[in-house]
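Protein chains in written order, with this note's numbering: chain L, 54 to 342; chain B, 54 to 342; chain X, 54 to 342. Cβ atoms here follow ideal geometry from the backbone N, Cα and C, with glycine treated the same way. From a predicted model like this one, the values you see are computed outputs, not experimental measurements.
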Amino acid sequence: MPAEELLRIGELSKRTGVSAESLRAWERRYRLLRPTRSAGGLRLYSPDDLERVRKMRAHLAAGLAAAEAARLACAPDDEDSRSGSADPVRLRAALAAAVERFDEAAAQALLDRAVAALSIDALLVELVLPYLHELGAGWERGETSVAQEHFASGLIRGRLLGLARGWGLGVGPIALLACLPGEFHDLGLIAFGLALRARGWRIVFLGADTPAETIDTAARMIDPALVVLSGVSPKRLRPVIAQLRPLAARYALAIGGACAESPEAARVAARVLAEDPVSEADRVTSLQS
Amino acid sequence: MPAEELLRIGELSKRTGVSAESLRAWERRYRLLRPTRSAGGLRLYSPDDLERVRKMRAHLAAGLAAAEAARLACAPDDEDSRSGSADPVRLRAALAAAVERFDEAAAQALLDRAVAALSIDALLVELVLPYLHELGAGWERGETSVAQEHFASGLIRGRLLGLARGWGLGVGPIALLACLPGEFHDLGLIAFGLALRARGWRIVFLGADTPAETIDTAARMIDPALVVLSGVSPKRLRPVIAQLRPLAARYALAIGGACAESPEAARVAARVLAEDPVSEADRVTSLQS
Amino acid sequence: MPAEELLRIGELSKRTGVSAESLRAWERRYRLLRPTRSAGGLRLYSPDDLERVRKMRAHLAAGLAAAEAARLACAPDDEDSRSGSADPVRLRAALAAAVERFDEAAAQALLDRAVAALSIDALLVELVLPYLHELGAGWERGETSVAQEHFASGLIRGRLLGLARGWGLGVGPIALLACLPGEFHDLGLIAFGLALRARGWRIVFLGADTPAETIDTAARMIDPALVVLSGVSPKRLRPVIAQLRPLAARYALAIGGACAESPEAARVAARVLAEDPVSEADRVTSLQS
DNA sequence: ATAGGTTTTGTCAAGCTTTTGTACAT
DNA sequence: ATGTACAAAAGCTTGACAAAACCTAT
Numbered sequence: 054m055p056a057e058e059l060l061r062i063g064e065l066s067k068r069t070g071v072s073a074e075s076l077r078a079w080e081r082r083y084r085l086l087r088p089t090r091s092a093g094g095l096r097l098y099s100p101d102d103l104e105r106v107r108k109m110r111a112h113l114a115a116g117l118a119a120a121e122a123a124r125l126a127c128a129p130d131d132e133d134s135r136s137g138s139a140d141p142v143r144l145r146a147a148l149a150a151a152v153e154r155f156d157e158a159a160a161q162a163l164l165d166r167a168v169a170a171l172s173i174d175a176l177l178v179e180l181v182l183p184y185l186h187e188l189g190a191g192w193e194r195g196e197t198s199v200a201q202e203h204f205a206s207g208l209i210r211g212r213l214l215g216l217a218r219g220w221g222l223g224v225g226p227i228a229l230l231a232c233l234p235g236e237f238h239d240l241g242l243i244a245f246g247l248a249l250r251a252r253g254w255r256i257v258f259l260g261a262d263t264p265a266e267t268i269d270t271a272a273r274m275i276d277p278a279l280v281v282l283s284g285v286s287p288k289r290l291r292p293v294i295a296q297l298r299p300l301a302a303r304y305a306l307a308i309g310g311a312c313a314e315s316p317e318a319a320r321v322a323a324r325v326l327a328e329d330p331v332s333e334a335d336r337v338t339s340l341q342s
Numbered sequence: 054m055p056a057e058e059l060l061r062i063g064e065l066s067k068r069t070g071v072s073a074e075s076l077r078a079w080e081r082r083y084r085l086l087r088p089t090r091s092a093g094g095l096r097l098y099s100p101d102d103l104e105r106v107r108k109m110r111a112h113l114a115a116g117l118a119a120a121e122a123a124r125l126a127c128a129p130d131d132e133d134s135r136s137g138s139a140d141p142v143r144l145r146a147a148l149a150a151a152v153e154r155f156d157e158a159a160a161q162a163l164l165d166r167a168v169a170a171l172s173i174d175a176l177l178v179e180l181v182l183p184y185l186h187e188l189g190a191g192w193e194r195g196e197t198s199v200a201q202e203h204f205a206s207g208l209i210r211g212r213l214l215g216l217a218r219g220w221g222l223g224v225g226p227i228a229l230l231a232c233l234p235g236e237f238h239d240l241g242l243i244a245f246g247l248a249l250r251a252r253g254w255r256i257v258f259l260g261a262d263t264p265a266e267t268i269d270t271a272a273r274m275i276d277p278a279l280v281v282l283s284g285v286s287p288k289r290l291r292p293v294i295a296q297l298r299p300l301a302a303r304y305a306l307a308i309g310g311a312c313a314e315s316p317e318a319a320r321v322a323a324r325v326l327a328e329d330p331v332s333e334a335d336r337v338t339s340l341q342s
Numbered sequence: 054m055p056a057e058e059l060l061r062i063g064e065l066s067k068r069t070g071v072s073a074e075s076l077r078a079w080e081r082r083y084r085l086l087r088p089t090r091s092a093g094g095l096r097l098y099s100p101d102d103l104e105r106v107r108k109m110r111a112h113l114a115a116g117l118a119a120a121e122a123a124r125l126a127c128a129p130d131d132e133d134s135r136s137g138s139a140d141p142v143r144l145r146a147a148l149a150a151a152v153e154r155f156d157e158a159a160a161q162a163l164l165d166r167a168v169a170a171l172s173i174d175a176l177l178v179e180l181v182l183p184y185l186h187e188l189g190a191g192w193e194r195g196e197t198s199v200a201q202e203h204f205a206s207g208l209i210r211g212r213l214l215g216l217a218r219g220w221g222l223g224v225g226p227i228a229l230l231a232c233l234p235g236e237f238h239d240l241g242l243i244a245f246g247l248a249l250r251a252r253g254w255r256i257v258f259l260g261a262d263t264p265a266e267t268i269d270t271a272a273r274m275i276d277p278a279l280v281v282l283s284g285v286s287p288k289r290l291r292p293v294i295a296q297l298r299p300l301a302a303r304y305a306l307a308i309g310g311a312c313a314e315s316p317e318a319a320r321v322a323a324r325v326l327a328e329d330p331v332s333e334a335d336r337v338t339s340l341q342s
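Given below as structure tokens:
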């Protein structure tokens, strides 16, 4: 006897937002659902049924007719089982689709495949960074919801941090990474850390919203060969310029993120990281050695 | 049954911006569209139809007459068959150069590009297999060192096994793959496994130097639709022929690798895989279905 | 007599917020509770009962029907399938079970979880290496078939090589890794390479069955800070001792694998790697810096 | 482009059954 | 404490309906 959660129709309806009548109709007309029955004849739905309803809804939202949507929802996922091709463009589209319907299992499976098939550099340059970019653009156009954006970034942060495990160990030069005060977007910085790690650096990561003094203290303790600060807007940079000067005097200081393009960045930092993380990691590394 | 999105006329109209009436007219007049029909007679359009409508529109916008535009939209296009950047011949040369100097960074970057741009089949047939062949030939001519050959096969094995991740999952027929006893070259077999996988098979891979009894045991447990044994020399095959007979009696047995061309192979195996892995995977699959 | 706290129905009701009537009904209808009785017939509930009631409530709150909620509350937790179980001992057992039945899906999922939850070091020391060891021991005792051993090592090799991708990049000292001529067991060597990589080394990997001259050639080209040779039996080492001397004179030479314990190894190598890969990687690294 | 008929699909209703918390009598 | 009863809530089946979308033919 499986320890699965079996749902009755009301709960399935509540969780999917589809009326009980429709659920029964979809079962009768398209065999979308195959509930077991309780002793008294009530329908008991498995998690697989729940999943199918979610897919059905996603296809309906995409404009498919109900019969078509049901056919696809019932078809075994052959996006991820068949053709092993790891074309990042397709992976990206599939990832976007999975995020669209909050399908974590599918999203993780796609990321699994990407991690297995690509190098760290390619993973970042061809999949993760363009996808995040796209997500941001979609949000600005009002196409993706904030919820989707959070879901996606949580997912990706988890995977990247998994890859980041142990990135402080070893014998390479140390890079100290932090987001500027008030800055909470750390994915780009994590990506840069991974690219550096792949080139032999040791990473100390302070994360989002790090006060200037904290960076200073940490630098004094670990004596990094490079300090990298990241922020999306020059607004983050301006208030701390004065505090950064002594840091810049003692350590190689780099500024990344969108604010790297501002004149302020050029004034205070030894190095401005205006291109993608992987290229910049290459440059920084070749300077180092 | 394809897992394609089939659209009804309203959705196709919405997605292309062409009125339903026009779509029907284009179907009648120019056979631009070949929708299937639902049980009740509604038109169901495939993604290919969608693509043709888009092309038609583009041609119309360019000023062509409708009949001309339709003719062009129906013609198979050969432009997207290959973009120059991932030309396998160049990739192969570049890969050889990278391996020559043990430059893993460059080699991995090249393989990234190849994995991204090519299908599994193309990756195998146009890059990996010819490259390995060339490497072997270079070694026989004394041009490449064994060190480079080892380095390269390690690299490629890692990438192929990455693509192989999850090749045992799914619902297709099962193929059991193993190298003959004493045989340690498994790359060809991995390539064959990937080609089969791209055709929907499930793969169970026993790898190098597998004793005959082992193959037997495994076959009994998983009941494969096909057993594939690989070896580079008839020397590997001869000592186990007697042991393979009962296996061949019970399962479809195929022999691959250079030893497939020997008379021994023909005597024991139902199927001799003498050509490249991709073609053979095609044949085996068409026999299966 | 157990020193458990036994609760009467009123107290259980107060602690769980479920009415006494419902508790009795749940006992009668779903056998959710198995109270002992006092001399006078009063129900006495154990802490396990309390726990089950809490689970029941949690499932009810999640919207499950009472019958379903009770079924789940009574089912033994298979925490295995839940998130918290990155316990390497259990993972190992589960991995063994998955391999036993050639279930790649389950095995990959387990490895996914392990890779996500453990550091490289822990992955190697607590999961992969003990598992391989166990597998070997089971084989010697005739318990596991060679088929399973092959299947498992193929699987694990794929995963480790996936983690190894890009291990040649960067700025650290270079280690040249190879198996001795005639030696085909490369998993231990790959593990050692990963442990070194986690400590900042760059790895050049020549793999199984590498001729002595090959090692020599490669070393001359890449000028490694360390050369590591691996073999399971002194038989592999003896024939090449003479050829290794000049290599040992020019580079730091280490011998790993079971043959490291032989007197021959001590005679030719600067360093004998007799312990597990991770400890030895630690030592080698501290010597280096 | 319109007209007139068909298909698809979500929703509703009526009458009956199951499930489940609570109340009551012993 | 036990056992039975009860009623509200939730569910089942069958059948039907109507709006939207689609068809063909003129």
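Bridge-paired residues (DSSP) for residue i
i: Ser232 of chain B; result: Note on identity: in this sequence residue 232 of chain B is Cys, with Ser being the wrong assignment. In DSSP, Cys232 of chain B forms a bridge with B:Ser283.
i: Leu60 of chain B; result: B:Tyr98
i: Ile227 of chain L; result: L:Arg255
Reduced DSSP secondary structure (H/G/I, E/B, other) of residue i
i: Ala115 of chain X; result: coil
i: Tyr304 of chain X; result: coil
i: Arg154 of chain X; result: coil
i: Leu259 of chain X; result: strand
i: Val325 of chain L; result: strand
i: Arg81 of chain B; result: helix
i: Arg87 of chain B; result: coil
i: Gly309 of chain B; result: strand
i: Ser71 of chain X; result: Checking the sequence, you will find Val at residue 71 of chain X rather than Ser. Val71 of chain X falls in the coil class under three-state DSSP.
i: Pro129 of chain X; result: coil
i: Trp192 of chain X; result: helix
i: Leu222 of chain X; result: coil
i: Ser206 of chain B; result: helix
i: Gln296 of chain L; result: helix
i: Thr270 of chain B; result: helix
CB of residue i within 8 Å of CB of residue j, strictly
i: Leu297 of chain L; j: Val321 of chain L; result: yes
i: Leu240 of chain X; j: Ile209 of chain X; result: yes
i: Ala245 of chain X; j: Pro183 of chain X; result: Strictly speaking, residue 245 of chain X in this sequence is Phe, with Ala absent from that position. No, Cβ-Cβ distance for Phe245 of chain X and Pro183 of chain X is not below 8 Å.
i: Leu97 of chain B; j: Arg90 of chain B; result: yes
i: Glu58 of chain B; j: Leu125 of chain L; result: yes
i: Leu185 of chain X; j: Thr197 of chain X; result: no
Expected contact under 8 Å - CB spacing of residue i and residue j to nearest Å
i: Ala305 of chain L; j: Leu279 of chain L; result: 5 Å
i: Pro292 of chain X; j: Val199 of chain B; result: In fact, because the Cβ distance is near 17 Å, the residues do not count as touching under 8 Å.
i: Leu222 of chain X; j: Ala251 of chain L; result: 6 Å
i: Val281 of chain X; j: Ala319 of chain X; result: Actually they are not in contact, since the Cβ atoms of Val281 of chain X and Ala319 of chain X sit about 16 Å apart, beyond 8 Å.
i: Ser283 of chain B; j: Leu242 of chain B; result: 4 Å
i: Leu180 of chain B; j: Leu144 of chain B; result: 6 Å
i: Leu95 of chain X; j: Arg61 of chain X; result: 6 Å
C-alpha distance - residue i paired with residue j, whole-angstrom precision
i: Ala162 of chain B; j: Val178 of chain L; result: 11 Å
i: Ile173 of chain B; j: Val168 of chain L; result: 17 Å
i: Arg110 of chain X; j: Pro277 of chain L; result: 53 Å
i: Asp269 of chain X; j: Gly235 of chain L; result: 55 Å
i: Pro141 of chain X; j: Arg303 of chain B; result: 40 Å
i: Ser342 of chain B; j: Val152 of chain B; result: 41 Å
i: Glu328 of chain L; j: Gly310 of chain L; result: 9 Å
Check: residue i C-beta below 7 Å from any heavy atom of the ligand SAH
i: Leu247 of chain B; result: This structure lacks the ligand SAH, and indeed carries no ligand of any kind.
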